[in-house]
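In our numbering, the protein residues as written are 2 to 322. C-beta atoms are modelled at their ideal positions from N, C-alpha and C, and glycine is treated no differently.
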Ligand code: ACO
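Printed below as a string of structure tokens:
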């Protein structure tokens, strides 16, 4: 038994924050942000909008596309680094919003790789025949852990959610997944806040994302090409067989470097970073949904999904759509 993608969905909060607005908040420029990152705007959740609300909207869209209802779900997996609260976990809160009872509700915490980690977990459940339909959601309200006075980070992040419904299948949709992490790079990208660190609260605990951007950039470029090659090797496929690269949308320069290593022209790369910045676990499923809905991705094509983020964590998936 395998799993295949039956439907996708996404949700972006209404409020848009442009580079021009950021120019009035910190010492930066539209030109700097565009040329260094490719980002033009990001969406910011309303005060009363929680990560679970974004996840819920994306889930509804994915289920509608799959032609199923919440009662058909047998597994819910979420990836987030900005949950509503410590517990119940995001998957339980989403389950409650969907009016579903009894399904396992697994919340994966792997920063920007959260969706790929979640996809891999769900695929393994389905391969063992434990679920006919699974919902995998990446959702974030990164605006809540962004220091809006720090130009080093505030120009990069945004809020959003992307979702995929997986369906059990006799032929592989998810051909292979490959996950990895190296905790020794933890201090390159982190939020120091956590319940177990409260006694005493460390001086640096400000609740915000901290990043040594330049070093993250270098490790990301070095790792991502390998991550793509690893999953291709696992599936016994060549890079020339990939129809679409759907990368984590953090920085256009990292994406270009990964595409180059795979010998893929940018025309075969789904690029959405300009529209919503880095939305961490939400970025890959949102980009996937964009290119499926606008008709670029066709059934039968081979997709390479990859992500990289805090931990450091990384993951890739080869998907026959
Ligand atoms: N506007 C204007 N100038 C800025 C800004 C800004 N917003 N931010 C930094 N600068 C300045 C710096 O102070 C520095 O000035 P200096 O030369 O006078 O010292 C100069 O610009 C260059 O800074 P660098 O950090 O070297 O710039 P770089 O080209 O590396 O770009 C960036 C910075 C965009 C953060 C890049 O390093 C990057 O994208 N890193 C990777 C981030 C990432 O992908 N994270 C992924 C995971 S995220 C997650 O898991 C949640």
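Alpha-carbon spacing of residue 264 relative to residue 190, whole angstroms: 29 angstroms
Any non-hydrogen atom of the ligand ACO closer than 7 angstroms to residue 210 Cβ: yes
Length of the line joining the Cα atoms of residue 17 and residue 45: 6 angstroms
Among 294, 157, 149, 173, nearest to residue 251 - alpha-carbon criterion: 157
Same chain only: Cβ atoms within 6 angstroms of residue 270, ignoring 5 sequence neighbours per side: 246, 260
In DSSP terms, what residue 19 is bridged to: 42
Cα-Cα separation between residue 274 and residue 155, rounded to whole angstroms: 15 angstroms
Counted within 10 angstroms of its Cβ, other Cβ atoms place residue 332 as buried (16 or more) or exposed: Any answer about residue 332 is impossible in this case: the structure gives the chain only from 2 up to 322.
Length of the line joining the Cα atoms of residue 134 and residue 67: 10 angstroms
Pair within 8 angstroms by beta-carbon distance, residue 162 and residue 12: yes
Range of the contiguous alpha helix (DSSP H) that encloses residue 154: 152–155
Touching by the beta-carbon criterion (3+ pairs, under 8 angstroms), the stretch 46–64 and the stretch 185–204: no
Candidates 209, 180, 305, 80, of which the one nearest residue 256 by Cα: 305
N- and C-terminal bounds of the alpha helix (DSSP H) containing residue 170: First-last for residue 170: 160–170, but that is the beta strand (DSSP E), not the alpha helix (DSSP H).
Residues of its chain near residue 108, where Cβ-Cβ distance is below 6 angstroms and the 5 sequence neighbours each way are ignored: 79, 90, 91, 92
Minimum length 4: unbroken alpha helix (DSSP H) runs contained in the stretch 64–114: 91–99
Endpoints, the alpha helix (DSSP H) within which residue 259 is located: 253–262
Beta-carbon proximity list for residue 142, same chain, < 8 angstroms, skipping 5 on both sides: 46, 50, 51, 52, 55, 83, 160
Near the ligand ACO: residue 217 beta-carbon under 7 angstroms from a heavy atom: yes
According to DSSP, residues forming a beta bridge with residue 190: 212
Residue 29 CB to nearest heavy atom of the ligand ACO below 7 angstroms: yes
Cβ pair residue 71, residue 101 closer than 8 angstroms: yes
Beta carbon of residue 140 nearer than 8 angstroms to that of residue 282: yes
Span of the beta strand (DSSP E) around residue 175: 175–182
Exposed unless 16 or more other CB atoms sit within 10 angstroms - verdict on residue 242: exposed
Residue 126 CB to nearest heavy atom of the ligand ACO below 7 angstroms: no
Three-state secondary structure assigned by DSSP to residue 224: helix
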